[in-house]
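Novice: Encoded as structure tokens, here's the structure I'll be asking about.
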Amino acid sequence: MTALPKSIDETLALLRQQDYVAERSLATALFLALKMERPLFLEGEAGVGKTEVAKVVARALGRDLVRLQCYEGLDIAAAVYEWNYQRQMVEIRLAEAGGKTARDELESGIFSRRFLIKRPLLEALDYGSKEPPVLLIDELDRTDEPFEAYLLEVLSDWRVSIPEIGTIRAQRPPIVVITSNRTREIHDAVKRRCLYHWVNYPDAARELEIVRCKAPEAPERLSREVVAFVQKLRSMDLFKLPGVAETIDWCKALTALDAVALDPATVDDTLGVLLKYQDDIAKVRGPEVAALVSQAKAALAA
Amino acid sequence: MGPSGKLAENVMHFGRLLRGAGLPVGPDRVLDALDALKIAGVERRDDVYWTLASVFLGRRDQFDLYDQAFRVFWRDPRHAARVRNLPEVRGRIPPASREQELSARLVQALAAQRHAAPAEPAAERIEFDAHLTFSAHEALREIDFESMTNEELAAARDAVARLRLRLPELPTRRHVQDPRGARIDARASLHASLRGGGAIIPLCRRSLGRRAPPLIALADVSGSMSRYTRMFLHFVHAMARDCERVSAFTFGTRLTNITRHLRHRDADAALAQVARAVRDWSGGTRIGACLREFNRNWSRRLHGQGAVVLLISDGLDREGADDLARQMERLHKSCRRLIWLNPLLRYPEFEAKPAGIRAMLPHVDAFLPVHNLQSLEELAATLNSC
Numbered sequence: 029m030t031a032l033p034k035s036i037d038e039t040l041a042l043l044r045q046q047d048y049v050a051e052r053s054l055a056t057a058l059f060l061a062l063k064m065e066r067p068l069f070l071e072g073e074a075g076v077g078k079t080e081v082a083k084v085v086a087r088a089l090g091r092d093l094v095r096l097q098c099y100e101g102l103d104i105a106a107a108v109y110e111w112n113y114q115r116q117m118v119e120i121r122l123a124e125a126g127g128k129t130a131r132d133e134l135e136s137g138i139f140s141r142r143f144l145i146k147r148p149l150l151e152a153l154d155y156g157s158k159e160p161p162v163l164l165i166d167e168l169d170r171t172d173e174p175f176e177a178y179l180l181e182v183l184s185d186w187r188v189s190i191p192e193i194g195t196i197r198a199q200r201p202p203i204v205v206i207t208s209n210r211t212r213e214i215h216d217a218v219k220r221r222c223l224y225h226w227v228n229y230p231d232a233a234r235e236l237e238i239v240r241c242k243a244p245e246a247p248e249r250l251s252r253e254v255v256a257f258v259q260k261l262r263s264m265d266l267f268k269l270p271g272v273a274e275t276i277d278w279c280k281a282l283t284a285l286d287a288v289a290l291d292p293a294t295v296d297d298t299l300g301v302l303l304k305y306q307d308d309i310a311k312v313r314g315p316e317v318a319a320l321v322s323q324a325k326a327a328l329a330a
Numbered sequence: 097m098g099p100s101g102k103l104a105e106n107v108m109h110f111g112r113l114l115r116g117a118g119l120p121v122g123p124d125r126v127l128d129a130l131d132a133l134k135i136a137g138v139e140r141r142d143d144v145y146w147t148l149a150s151v152f153l154g155r156r157d158q159f160d161l162y163d164q165a166f167r168v169f170w171r172d173p174r175h176a177a178r179v180r181n182l183p184e185v186r187g188r189i190p191p192a193s194r195e196q197e198l199s200a201r202l203v204q205a206l207a208a209q210r211h212a213a214p215a216e217p218a219a220e221r222i223e224f225d226a227h228l229t230f231s232a233h234e235a236l237r238e239i240d241f242e243s244m245t246n247e248e249l250a251a252a253r254d255a256v257a258r259l260r261l262r263l264p265e266l267p268t269r270r271h272v273q274d275p276r277g278a279r280i281d282a283r284a285s286l287h288a289s290l291r292g293g294g295a296i297i298p299l300c301r302r303s304l305g306r307r308a309p310p311l312i313a314l315a316d317v318s319g320s321m322s323r324y325t326r327m328f329l330h331f332v333h334a335m336a337r338d339c340e341r342v343s344a345f346t347f348g349t350r351l352t353n354i355t356r357h358l359r360h361r362d363a364d365a366a367l368a369q370v371a372r373a374v375r376d377w378s379g380g381t382r383i384g385a386c387l388r389e390f391n392r393n394w395s396r397r398l399h400g401q402g403a404v405v406l407l408i409s410d411g412l413d414r415e416g417a418d419d420l421a422r423q424m425e426r427l428h429k430s431c432r433r434l435i436w437l438n439p440l441l442r443y444p445e446f447e448a449k450p451a452g453i454r455a456m457l458p459h460v461d462a463f464l465p466v467h468n469l470q471s472l473e474e475l476a477a478t479l480n481s482c
């Protein structure tokens with residue numbers, strides 16, 4: 029168990045310890061979220077390390093990570109709690125066989141915690157005597173509005189009401205990280221309760237540091253060229269720009285192919301690691317790649 | 097050190113400044129900001145910057161405004177008033193509190209175009225009602241919008257406003273109780289059982305809930321289209337009133353999101369706001385470029401759950417057809433149904449000759465005319481069944 033960081037610099041160092049190279053702006057937002065016990069709302073393009081933040085924080089602080097992956101149609105039974113119906117029915121049968129018929133007794137017996145199945149949200153609030161966990165609500169934009177509305181109650185009061193049992197309340201609020209890819213706008217009411225941060229693509233120096241951290245096996249020259257190439261690529265007019273995750277994957281892929289430096293042919297062959305839309309690949313492949321490679325090399329030489 | 101006295105006051109004024117510029121910054125956020133500053137400290141300018149950003153912002157597009165406001169305000173508060181006049185502010189921030197501020201010039205311009213005789217609307221209405229026999233209505237339905245008189249246009253607008261528009265409801269992934277549903281609802285069953293003492297377990301059932309898909313309207317506002325587009329926007333406004341998820345864009349030489357402006361309940365007020373927001377009204381067309389912008393910036397945010405896309409355009413593009421075909425293909429692939437409305441279809445001898453039309457045609461699910469009331473009514477019927 030690690031104590032919460034006491035300053036923004038400590039937060040940065042904590043993330044760095046876990047091989048997460050963060051901007052100071054992200055560290056500021058995270059530090060505030062930890063101190064103010066507010067959820068941290070991260071938006072950004074795919075592959076810039078939003079989900080990773082929650083994992084890293086959980087690891088760094090020695091907390092459990094509870095992950096709620098959102099999807100369309102997510103409901104209370106899948107997100108908060110569910111009763112174990114099979115066991116309840118068996119219980120009813122047993123009660124009948126044993127001749128017990130007192131209705132109140134039966135009801136309180138059946139709706140007890142023994143038969144409760146905890147789903148991520150409840151798990152994050154009802155963590156027993158441990159330290160509050162890190163709750164990751166991933167890709168919130170994939171759910172529908174009713175779930176968002178439900179989340180409001182949980183995020184502001186840190187409690188869940190189960191009609192049969194009563195209200196379950198967190199002793200101390202969990203550390204909450206919400207991510208969104210922005211396939212739709214999340215309602216302001218949710219954002220109001222959170223600290224907002226837009227995660228941007230990193231600049232060249234930071235991206236190089238990330239690559240060194242995450243793909244240490246890659247030769248230094250290759251890493252430099254890969255980062256310079258990707259940075260150039262991001263200035264192009266593409267449907268989906270490559271994220272940091274793609275940069276790291278690409279660097280690993282090239283290392284696996286024993287490349288020590290970029291050359292247009294290898295780049296052409298491995299472009300699918302970086303770009304995930306056929307239109308984008310068709311646009312870049314060939315002469316464009318050659319030009320980008322030479323530009324990247326020239327930028328490094330300068 | 098805590099933010100007290102002068103600093104607290106300044107943060108409050110900064111919050112007010114942001115609110116004045118259109119950001120949803122309430123007193124609660126100002127209090128949050130003070131708490132946050134207490135924690136983060138005010139020793140470093142960039143820390144203060146990001147601290148306030150994390151509290152005051154909620155969307156990425158608010159960022160530029162915040163950045164400007166921060167730079168101006170925290171340098172010299174006397175310049176704060178200037179932020180309100182920066183040109184970028186108007187385009188980016190919803191003019192929510194300025195709905196009444198229609199400029200006189202615009203009111204006149206709109207009045208000249210759409211209400212030729214605004215002086216005695218009541219009299220006109222009575223007269224119109226008197227004439228609205230079956231045959232009069234029939235006749236109105238078939239007149240081309242382009243050749244309607246102003247009175248007829250007004251009558252047509254009323255008719256459009258009266259259309260009842262429904263999109264068919266599609267199953268969602270969420271379950272609702274349904275006595276004839278296919279699945280058993282264990283939770284409800286057990287509850288029902290206990291209500292009766294637990295002796296018998298009546299089976300409750302559930303099935304997938306249903307919801308209308310989102311609708312996206314893309315309207316061409318180039319010169320050749322303007323009259324049809326105006327009527328079509330009335331149609332979209334009626335649509336937005338009846339369905340819950342409707343987004344609308346106009347395009348000519350650039351793409352403009354007019355969803356917010358159409359929310360006004362009154363059709364004329366809504367359209368007046370649209371006219372103010374759209375700057376390329378009656379200009380040229382760059383369909384390919386505008387569709388590309390839509391595909392790149394908006395499609396992933398709006399198409400999410402199987403949208404129906406209505407595209408109204410004559411397909412006469414000034415630019416190359418190659419890119420147009422590609423963008424149409426992408427648009428088609430990312431939505432549930434793509435319906436192209438083309439007023440040129442009113443001509444019986446219409447042929448898909450122009451390159452733009454030939455490029456777009458293979459990628460649409462339905463190709464319909466939209467030049468008179470009857471065609472709009474048919475469109476409503478088509479939407480009902482898609």
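Protein chains in written order, with the working numbering: chain A, 29 to 330; chain B, 97 to 482.
We put the CB at the ideal spot given by N, CA and C, even for glycine.
As the structure is a computational prediction, the values presented were derived from the model and not from experiment.
Could you check where the beta strand (DSSP E) with K146/A kicks off and where it finishes?
Specialist: As a working note, residue 146/A is residue 118 in the first sequence. Its beta strand (DSSP E) spans residues 144-146.
Novice: I believe D143/B touches A136/B by the beta-carbon criterion, under 8 Å. Please report the beta-carbon distance rounded to the nearest angstrom.
Specialist: Within the second sequence, residue 143/B is the residue found at index 47, counting from 1. Within the second sequence, residue 136/B is the residue found at index 40, counting from 1. Indeed, because the Cβ distance is near 5 Å, the residues count as touching under 8 Å.
Novice: So, V301/A versus D277/A, is the Cβ gap smaller than 7 Å?
Specialist: Here residue 301/A corresponds to residue number 273 of the first sequence, with the count starting at 1. Here residue 277/A corresponds to residue number 249 of the first sequence, with the count starting at 1. For V301/A and D277/A, yes; Cβs fall inside 7 Å.
Novice: Judging by CA-CA distance, which residue of M64/A, E192/A, I165/A is the nearest neighbour of L70/A?
Specialist: For the purposes of this step, residue 70/A is identified with residue 42 of the first sequence, where counting begins at 1. Among M64/A, E192/A, I165/A, the Cα nearest to that of L70/A belongs to I165/A.
Novice: Once the 5 residues before and after A288/B are set aside, which same chain residues still bring their CB inside 7 Å of it?
Specialist: As a first step, residue 288/B is located in the second sequence; it is residue number 192 there, counting from the start. If we look at A288/B and ignore the five residues flanking it on each side, its Cβ neighbours are P298, C300.
Novice: Run through chain A and tell me which residues come within less than 9 Å of W377/B, C-beta to C-beta.
Specialist: Your numbering for residue 377/B matches position 281 in the second sequence. The contacting residues do not exist; W377/B stays about 27 Å from chain A at best.
Novice: What residue from P123/B, G122/B, F110/B has the CA that sits closest to L161/B's CA?
Specialist: Taking the first residue of the second sequence as 1, we reach residue 161/B at position 65. Nearest of P123/B, G122/B, F110/B to L161/B, Cα basis: F110/B.
Novice: For K78/A and V342/B, what's the separation of their Cα atoms in angstroms?
Specialist: Taking the first residue of the first sequence as 1, we reach residue 78/A at position 50. Taking the first residue of the second sequence as 1, we reach residue 342/B at position 246. K78/A and V342/B: Cα-Cα distance of roughly 30 Å.
Novice: Does the segment 320-336 of chain B touch the segment 254-265 of chain B, meaning 3 or more C-beta pairs lie closer than 8 Å?
Specialist: Judged by Cβ distances under 8 Å, the segment 254-265 of chain B makes contact with the segment 320-336 of chain B, as three or more pairs qualify.
Novice: Quick one: residues in its chain with C-beta nearer than 6 Å to the C-beta of I312/B, no 5 flanking neighbours on either side, listed in chain order?
Specialist: As a first step, residue 312/B must be located in the second sequence, where it is residue number 216. The answer, listed in chain order, is S343, L398, A403, V405.
Novice: Which stretch, first to last residue, makes up the alpha helix (DSSP H) that contains S471/B?
Specialist: Position 375 of the second sequence, counted from the start, is the residue given in the question as residue 471/B. 469-480 is the span of the alpha helix (DSSP H), which, as asked, contains S471/B.
Novice: For L113/B, which option in Q164/B, G292/B, I383/B has the closest C-alpha, if you only look at C-alpha atoms?
Specialist: The residue labelled residue 113/B in the question sits at position 17 within the second sequence. Residue Q164/B is the option with its Cα nearest to L113/B.
Novice: Within 7 Å (strictly less), CB to CB, does R115/B reach chain A?
Specialist: Start at 1 with the first residue of the second sequence, and residue 115/B comes out as number 19. With 7 Å as the cut-off, R115/B does not count as an interface residue toward chain A.
Novice: Counting only beta-carbon atoms, is G154/B nearer than 7 Å to chain A?
Specialist: Numbered from its first residue, the second sequence carries residue 154/B at position 58. Yes, G154/B lies at the interface with chain A (some Cβ there is under 7 Å from its Cβ).
Novice: Would you list, in chain order, the members of the segment 105-121 of chain A that have their beta-carbon closer than 9 Å to a beta-carbon of chain B?
Specialist: Taking 9 Å as the Cβ-Cβ cut-off against chain B, the residues of the segment 105-121 of chain A that qualify are A105, E110, W111, Y113, Q114, Q116, M117, I120.
Novice: Report yes if the CB atom of R115/A is closer than 7 Å to the CB atom of F143/A, and no otherwise.
Specialist: For this step, residue 115/A is matched to residue 87 along the first sequence. For this step, residue 143/A is matched to residue 115 along the first sequence. Contact: yes.
Novice: Is it the case that the Cβ atoms of L304/B and P267/B are separated by a distance below 7 Å?
Specialist: Looking up residue 304/B in the second sequence gives position 208. Looking up residue 267/B in the second sequence gives position 171. Yes; because the gap between Cβ atoms is below 7 Å, this pair is in contact.
Novice: For I135/B, return the contacting residues in chain A, with the cut-off set at a CB-CB distance below 7 Å.
Specialist: Numbered from 1 along the second sequence, position 39 holds the residue referred to as residue 135/B. Going along chain A in sequence order, the residues near I135/B (Cβ under 7 Å) are L60, K63, M64.
Novice: Using a Cβ-Cβ cut-off of less than 7 Å, list which residues of the segment 31-50 of chain A approach chain B; keep chain order.
Specialist: Those residues of the segment 31-50 of chain A that come within reach of chain B (Cβ to Cβ, closer than 7 Å) are I36.
Novice: Could you tell me the alpha carbon to alpha carbon distance between I193/A and L102/A, rounded to whole angstroms?
Specialist: By 1-based counting over the first sequence, the position of residue 193/A is 165. By 1-based counting over the first sequence, the position of residue 102/A is 74. C-alpha separation (whole angstroms): 23 Å.
Novice: Pick from N438/B, P450/B, V317/B, V151/B: whose alpha carbon is nearest that of I354/B?
Specialist: Position 258 of the second sequence, counted from the first residue, corresponds to residue 354/B. It is V317/B.
Novice: Is DSSP giving A315/B helix, strand or coil here?
Specialist: Within the second sequence, residue 315/B is the residue found at index 219, counting from 1. In this structure, A315/B counts as strand in the three-state DSSP scheme.
Novice: Indicate whether F390/B and L351/B have their beta-carbon atoms separated by less than 7 Å.
Specialist: For the purposes of this step, residue 390/B is taken as residue 294 along the second sequence, with counting starting at 1. For the purposes of this step, residue 351/B is taken as residue 255 along the second sequence, with counting starting at 1. Cβ atoms of F390/B and L351/B: closer than 7 Å.
Novice: For S140/A and chain B, any beta-carbon pair shorter than 7 Å?
Specialist: What you label residue 140/A is simply residue 112 of the first sequence in a count that begins at 1. So no, S140/A is outside the interface.
Novice: Is S150/B close to chain A, meaning its C-beta is less than 7 Å from at least one C-beta of that chain?
Specialist: Here residue 150/B refers to the residue found at position 54 of the second sequence. Judged by the 7 Å Cβ criterion, S150/B is in contact with chain A.
Novice: Along the chain, where does the beta strand (DSSP E) containing A344/B start, and where does it finish?
Specialist: Within the second sequence, numbered from 1, the residue matching residue 344/B stands at position 248. Element bounds for A344/B: 342-347.
Novice: The segment 181-193 of chain A: which residues have C-beta closer than 8 Å to a C-beta of chain B, in chain order?
Specialist: Against chain B - using a Cβ distance shorter than 8 Å - the segment 181-193 of chain A contributes no residues.
Novice: Whose CA, out of S471/B, E425/B, L469/B, A462/B, lies closest to the CA of A455/B?
Specialist: Counted from its first residue, the second sequence places residue 455/B at position 359. Answer by Cα proximity: E425/B.
Novice: Put D47/A into one of helix, strand or coil per three-state DSSP.
Specialist: As a position in the first sequence, residue 47/A is number 19, starting the count at 1. D47/A: coil per DSSP, three-state reduction.
Novice: Helix, strand or coil for V94/A? Go by DSSP, reduced to three states.
Specialist: Along the first sequence, read from residue 1 onward, the residue named residue 94/A stands at position 66. If DSSP states are grouped into helix, strand and coil, V94/A belongs with the strands.
Novice: Short of 7 Å in beta carbon distance, which residues of its chain neighbour R360/A, apart from the five on each side in sequence? Order them along the chain.
Specialist: For chain A, the structure presents residues 29 to 330; residue 360/A sits outside this window and is missing.
Novice: Jot down the residue ranges of each uninterrupted alpha helix (DSSP H) in the segment 245-320 of chain A, minimum 4 residues, whole runs only, in chain order.
Specialist: The segment 245-320 of chain A contains these whole alpha helix (DSSP H) runs: 248-262, 272-284, 292-302, 306-312.
Novice: Spatial neighbours of I214/A within its chain, please: CB distance less than 7 Å, with the 5 preceding and 5 following residues excluded, ordered by chain position.
Specialist: By one-based count along the first sequence, residue 214/A stands at place 186. So the list reads L168, D169, E176, S208, once near-sequence residues are dropped.
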